[in-house]
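S.K.:
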Amino acid sequence: MKSDEDLYREAMDNVPPDSLEFADLSLAIIDRVHGIMERTPGMTQKKLAAKLGKKESEISRWLGGMHNLTLRNLARLNVALGAKVILVPPADAHNTAFIYTPACTARTSDPYSVRGADLHHHLVTSTEVIARTNDPFTVKAIAAHQYLASGQVEEAKAA
Amino acid sequence: MNTFVLRLVYLHSHVRWYTVHFAGHERTEYADFLARMGAETDPKHKRDLNDLKAAIQIIGNKYGAYPKYFRDEQDIVHRGEAMAVPSKFMMRSQLRLYCQILSPRVVILFNGDFKTKGPIAAQDCPRVEPHFTKANALTRVINQALEDGEHLHWDVTRTVLVFDPNKPINP
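Chains as they are written, first to last, in numbering that gives the first Met the number 0: chain A, 0 to 158; chain B, 0 to 170.
(1) Please tell me whether isoleucine 29 of chain A has its Cβ less than 8 Å away from any Cβ of chain B.
(2) Applying the criterion that 16 or more other CB atoms from any shown protein chain within 10 Å of the CB defines a buried residue, is valine 106 of chain B buried or exposed?
(3) Express the C-alpha separation of cysteine 98 of chain B and glycine 23 of chain B in angstroms, rounding to a whole number.
(4) Counting Cβ pairs closer than 8 Å, one from the stretch 10-17 of chain A and one from the stretch 48-64 of chain B, do we hit at least three?
(5) Please state whether DSSP places tyrosine 9 of chain B in a helix, a strand or coil.
(6) Excluding the five sequence neighbours on either side, which residues of its own chain have a C-beta within less than 8 Å of the C-beta of proline 164 of chain B, listed in chain order?
(7) Could you confirm whether any beta carbon from chain A is found closer than 8 Å to the beta carbon of leucine 5 of chain B?
(8) If you draw a straight line from the alpha carbon of proline 110 of chain A to that of leucine 101 of chain B, how long is it in whole angstroms?
(9) What residues of chain A sit near asparagine 49 of chain B, judged by a beta carbon separation below 7 Å?
(10) Which residues of chain A have a Cβ atom closer than 7 Å to the Cβ of arginine 26 of chain B, listed in chain order?
(11) Is the beta carbon of isoleucine 57 of chain B less than 8 Å from the beta carbon of leucine 26 of chain A?
(12) Once DSSP output is grouped into helix, strand and coil, what is the label at histidine 77 of chain B?
(13) To which residues of the same chain is phenylalanine 162 of chain B closer than 7 Å at the C-beta, ignoring the five residues directly before and after it?
(14) Determine the burial state of methionine 36 of chain B: buried for a count of at least 16 other Cβ atoms within 10 Å of its Cβ, exposed for fewer.
(15) Mapping the DSSP letters down to three states, classify histidine 33 of chain A as helix, strand or coil.
(16) So which residues on chain A does valine 8 of chain B lean against when the C-beta distance must stay under 8 Å?
(17) Closer than 8 Å, Cβ to Cβ, to anything on chain B: give me those residues from the stretch 69-87 of chain A, in chain order.
(18) Using CA coordinates, which residue listed in B:Arg95, B:Val155, B:Tyr29 is at the minimum distance from glutamate 128 of chain B?
(19) With DSSP as the reference, label leucine 86 of chain A as helix, strand or coil.
(20) Ignoring anything shorter than 4 residues or poking outside the stretch 124-169 of chain B, list the alpha helix (DSSP H) runs there in chain order.
(21) With respect to the alpha helix (DSSP H) encompassing tyrosine 29 of chain B, which residues constitute its N-terminal and C-terminal limits?
(22) What is the C-beta distance between phenylalanine 113 of chain B and arginine 126 of chain B, in whole angstroms, given that I count them as a contact (C-beta under 8 Å)?
(23) Using the Cα positions of leucine 137 of chain B and tyrosine 29 of chain B, report the straight-line distance between them to the nearest angstrom.
(24) Does alanine 64 of chain B come out as helix, strand or coil in the three-state DSSP assignment?
(25) Give the interface partners of methionine 36 of chain A over in chain B, defined as CB-CB distance under 7 Å, in chain order.
(26) Just how far apart, CA to CA, sit serine 112 of chain A and arginine 38 of chain A?
(27) Can you give me, in chain order, the residues of the stretch 13-24 of chain B that have a beta carbon less than 8 Å from any beta carbon in chain A?
(28) Where does the unbroken alpha helix (DSSP H) through histidine 44 of chain B begin, and where does it stop?
(29) Between the C-alpha atoms of lysine 45 of chain A and histidine 130 of chain B, what's the straight-line distance to the nearest angstrom?
(30) Answer with yes or no whether the minimum CB distance from glutamine 196 of chain B to chain A is below 8 Å.
Below, the structure is given as structure tokens:
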């Protein structure tokens, strides 16, 4: 019989990449929608529901999960919130990174979000996107700058 | 309720995940959940379990344990404060792993199962009811232990639970 510790370890080691991507994307969207609402003065689920012509209970389900968030509903949500919930990179956007402005949120100080090559994979979306580059050197320089801004000297040197 | 001790399960960069080990039980609650759910052969159930494990990993390493990422499973009548993984963002999943969010940095994982499909409350589902009821009861006991502070308390940073791993927190 496997030990408890073996079960714990296997549970984390054997997660398929598509499940990780699904969880990451879902949580990012939840975070994004809540973030937009928090930064929009007076925006509540009730007001959002009224804007969309939906029942508040339905909007609650949308915000609670992406289970029924079709592209059409996503488009409606973008219009009602006045901000893009998801940004799709342009066709030539290989190695493109979108980075928060320092004024946007503290997320840029999170090494998980900005560390080196991760920048290529984490499209940290925002209407205030300022940095976009296809140049890996520039990406590293921005990462280093953000590490310095958050006092992470060693990480800045590494970047 | 049987006496139990807490065990640290995962130490992620954003969250410490603990679980409960009841006296006389071979496995911890979370290990029992993993062992039982790991034996599922239904492909949909396997995928749901993988999504749940992924959610734990991403929440633990990237986001922190904020209620918006979990499913509200509180038993208000009995003052229970249980939540569940996965969040409603995996609404189609019937899998429930009950837990208690003590802070964005600390979560205690309990046990769970696949809930019966359809508009049926957890209390009425024969598969999850025992876990739902036990989880909510555990939240009350753990909250009380934290309040008493004798067998369980926070460290100065309020991000780590302090307890003796060999002494039950509900003697």
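Where is the CB? At the ideal position from N, CA and C, for every residue including glycine.
M.R.: Let me spell this out:
(1) For the purposes of this step, residue 29 of chain A is identified with residue 30 of the first sequence, where counting begins at 1. Closer than 8 Å: yes.
(2) Along the second sequence, read from residue 1 onward, the residue named residue 106 of chain B stands at position 107. Counting Cβ neighbours within 10 Å, valine 106 of chain B comes out buried, since at least 16 surround it.
(3) Within the second sequence, numbered from 1, the residue matching residue 23 of chain B stands at position 24. Within the second sequence, numbered from 1, the residue matching residue 98 of chain B stands at position 99. Each residue's Cα considered, the two are about 21 Å apart.
(4) Because the criterion of three Cβ pairs below 8 Å is met, the stretch 10-17 of chain A and the stretch 48-64 of chain B touch.
(5) Here residue 9 of chain B refers to the residue found at position 10 when the second sequence is read from its first residue. The answer is strand: DSSP assigns tyrosine 9 of chain B an E or B state.
(6) Counted from its first residue, the second sequence places residue 164 of chain B at position 165. Taken in chain order, the residues that qualify are Val4, Leu5, Arg6.
(7) The count along the second sequence starts at 1 and reaches residue 5 of chain B at position 6. Closer than 8 Å: no.
(8) Mapped onto the first sequence, residue 110 of chain A falls at position 111. Mapped onto the second sequence, residue 101 of chain B falls at position 102. With a pLDDT of 42 at proline 110 of chain A, under the threshold of 50, the predicted position of this residue should be treated as unreliable, though the coordinate-derived value follows. About 25 Å.
(9) Within the second sequence, the letter at position 50 stands for residue 49 of chain B. Within 7 Å Cβ-Cβ: Val14, Pro15, Ser18.
(10) Here residue 26 of chain B refers to the residue found at position 27 of the second sequence. Residues of chain A passing the Cβ test: Asp3.
(11) Position 58 of the second sequence, counted from the first residue, corresponds to residue 57 of chain B. Position 27 of the first sequence, counted from the first residue, corresponds to residue 26 of chain A. Closer than 8 Å, so yes.
(12) Here residue 77 of chain B refers to the residue found at position 78 of the second sequence. In the structure shown, histidine 77 of chain B sits in coil (DSSP, three-state: anything other than H, G, I, E or B).
(13) Residue 162 of chain B sits at position 163 when you count from the first residue of the second sequence. Non-local C-beta neighbours of phenylalanine 162 of chain B in its own chain, meaning closer than 7 Å and more than five positions away in sequence, comprise Leu5, His150, Leu151, Ile168, ordered along the chain.
(14) As a working note, residue 36 of chain B is residue 37 in the second sequence. Methionine 36 of chain B comes out buried.
(15) Residue 33 of chain A sits at position 34 when you count from the first residue of the first sequence. Histidine 33 of chain A falls in the helix class under three-state DSSP.
(16) Stepping through the second sequence from its first residue, residue 8 of chain B is reached at position 9. The contacting residues are Tyr7.
(17) none
(18) Counted from its first residue, the second sequence places residue 128 of chain B at position 129. The shortest Cα separation from glutamate 128 of chain B among B:Arg95, B:Val155, B:Tyr29 belongs to B:Arg95.
(19) Along the first sequence, read from residue 1 onward, the residue named residue 86 of chain A stands at position 87. When secondary structure is reduced to three states using DSSP, leucine 86 of chain A falls in the coil class, being assigned neither helix nor strand.
(20) 128-147
(21) Counted from its first residue, the second sequence places residue 29 of chain B at position 30. 28-37 is the span of the alpha helix (DSSP H), which, as asked, contains tyrosine 29 of chain B.
(22) For this step, residue 113 of chain B is matched to residue 114 along the second sequence. For this step, residue 126 of chain B is matched to residue 127 along the second sequence. Sure, about 6 Å apart at Cβ, within 8 Å.
(23) Counting from one through the second sequence, the residue named residue 137 of chain B turns up at place 138. Counting from one through the second sequence, the residue named residue 29 of chain B turns up at place 30. Distance between the alpha carbons of leucine 137 of chain B and tyrosine 29 of chain B is about 14 Å.
(24) On the second sequence, position 65 is the one that residue 64 of chain B refers to. Reduced to three states, the DSSP call for alanine 64 of chain B is coil.
(25) Within the first sequence, the letter at position 37 stands for residue 36 of chain A. Here the premise fails: no neighbours, minimum Cβ distance about 11 Å.
(26) Translated into positions along the first sequence, residue 112 of chain A becomes position 113. Translated into positions along the first sequence, residue 38 of chain A becomes position 39. With a pLDDT of 42 at serine 112 of chain A, under the threshold of 50, the modelled position of this residue cannot be trusted, and the question is left open.
(27) none
(28) Numbered from 1 along the second sequence, position 45 holds the residue referred to as residue 44 of chain B. 42-57 is the extent of the alpha helix (DSSP H) around histidine 44 of chain B.
(29) Locating residue 45 of chain A in the first sequence gives position 46, counting from the first residue. Locating residue 130 of chain B in the second sequence gives position 131, counting from the first residue. The alpha-carbon of lysine 45 of chain A is positioned some 34 Å away from that of histidine 130 of chain B.
(30) Nothing about residue 196 of chain B can be read from this structure; chain B reaches only from 0 to 170.
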